[in-house]
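Using my numbering, you'd call the opening residue of the sequence shown number 12 and step up by one each time.
For each residue, glycine too, the CB sits at the ideal point set by N, CA and C.
What you are looking at is a predicted structure, and each value in this text was computed from that prediction instead of being measured.
Here's the structure we're looking at; comments come further down.
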Amino acid sequence: MQYPPTDANLGELLPEGFLEATAGRGMVWPRWAPQKDILSHSAVAGFVTHCGWNSVLESLWFGVPMAPWPLYGERVNAFELVASMGVAVELAIAKKSGLPFVEAAEVERAVRRLMSGGGSLSSDSEGRKAREKAAEARAACREAVGPGGSSHEALQRLAPQACHLMPAVNCRDQYLAEIN
Numbered sequence: 012m013q014y015p016p017t018d019a020n021l022g023e024l025l026p027e028g029f030l031e032a033t034a035g036r037g038m039v040w041p042r043w044a045p046q047k048d049i050l051s052h053s054a055v056a057g058f059v060t061h062c063g064w065n066s067v068l069e070s071l072w073f074g075v076p077m078a079p080w081p082l083y084g085e086r087v088n089a090f091e092l093v094a095s096m097g098v099a100v101e102l103a104i105a106k107k108s109g110l111p112f113v114e115a116a117e118v119e120r121a122v123r124r125l126m127s128g129g130g131s132l133s134s135d136s137e138g139r140k141a142r143e144k145a146a147e148a149r150a151a152c153r154e155a156v157g158p159g160g161s162s163h164e165a166l167q168r169l170a171p172q173a174c175h176l177m178p179a180v181n182c183r184d185q186y187l188a189e190i191n
């Protein structure tokens, strides 16, 4: 797997004049971005994502709809996000040299649909539906980890058992004291 450079020179990576033309209107982050901080910002209306599990969970946690661009084994995640969950708009992916390839116009189309409902103000727009479903997912995620939620309850059952399996670590009493 190849990771992006941590010291990228944007002037070398981007088309000539791009940075000047977009100054003050957007941002290009040349290194690994603080994804959770970005997704939690109220100005973020959509996320073009490779559909890795952490990216999907973080997007759902913050209620951000997605345009899935799966790179490797994430195709099932992408399909489920669009078809089953409805928290994403479809991004048409072609194959070039055996790799997933997306035309710039397709990225633009998906982003416009996320941002404005595809140019249509109709009440049944795909973008609006994805935003609504993402907001519902956000509420469900937060409910699950709250008191009485499914994740909270599962961890309450798991923690004592895990402590029992590690007798050298006396964590059971500490855990029970913290939750009570």
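CB contact flag (residue i, residue j, <8 angstroms)
{"i": "Gly57", "j": "Met77", "result": "yes"}
{"i": "Glu119", "j": "Ala103", "result": "no"}
{"i": "Ala170", "j": "Gly74", "result": "no"}
{"i": "Trp40", "j": "Thr60", "result": "no"}
{"i": "Leu110", "j": "Cys62", "result": "no"}
Euclidean distance between Cα positions of residue i and residue j
{"i": "Gly84", "j": "Glu31", "result": "37 angstroms"}
{"i": "Arg42", "j": "Gly22", "result": "14 angstroms"}
{"i": "Lys107", "j": "Gly159", "result": "49 angstroms"}
{"i": "Phe29", "j": "Pro45", "result": "23 angstroms"}
{"i": "Asn20", "j": "Leu50", "result": "25 angstroms"}
{"i": "Val156", "j": "Pro26", "result": "45 angstroms"}
{"i": "Arg168", "j": "Cys174", "result": "11 angstroms"}
{"i": "Phe112", "j": "Ala165", "result": "40 angstroms"}
{"i": "Met38", "j": "Val87", "result": "30 angstroms"}
For residue i, the three-state DSSP class (helix, strand or coil)
{"i": "Gly129", "result": "Because the pLDDT of Gly129 is 47, which lies under 50, any placement of that residue in the model is unreliable, and the question is left without a value."}
{"i": "Ala56", "result": "coil"}
{"i": "Ser134", "result": "In this predicted model, Ser134 has a pLDDT of only 45, less than 50, meaning its place in the structure is not dependable enough to derive any value."}
Cβ shell of residue i (< 8 angstroms), same chain only, five flanking positions each side left out
{"i": "Ser162", "result": "Ala155, Val156"}
{"i": "Val122", "result": "Gly57, Val59, Ala78"}
Residues that residue i bridges to, as DSSP identifies them
{"i": "Pro79", "result": "Thr60"}
{"i": "Leu110", "result": "Lys107"}
{"i": "Ala99", "result": "Met77"}
Same chain, Cβ closer than 6 angstroms to residue i, five either side skipped, listed in chain order
{"i": "Arg124", "result": "Val100, Glu137, Gly138"}
{"i": "Cys152", "result": "Leu71, Trp72"}
7 angstroms CB neighbourhood of residue i in its chain, flanking five on each side removed
{"i": "Ser70", "result": "Leu50, Phe58, Thr60, Met77"}
{"i": "Arg142", "result": "Pro76"}
{"i": "Phe90", "result": "none"}
Any chain C beta carbon closer than 8 angstroms to residue i
{"i": "Arg124", "result": "In summary, chain C is missing from the structure at hand, where a single protein chain is found."}
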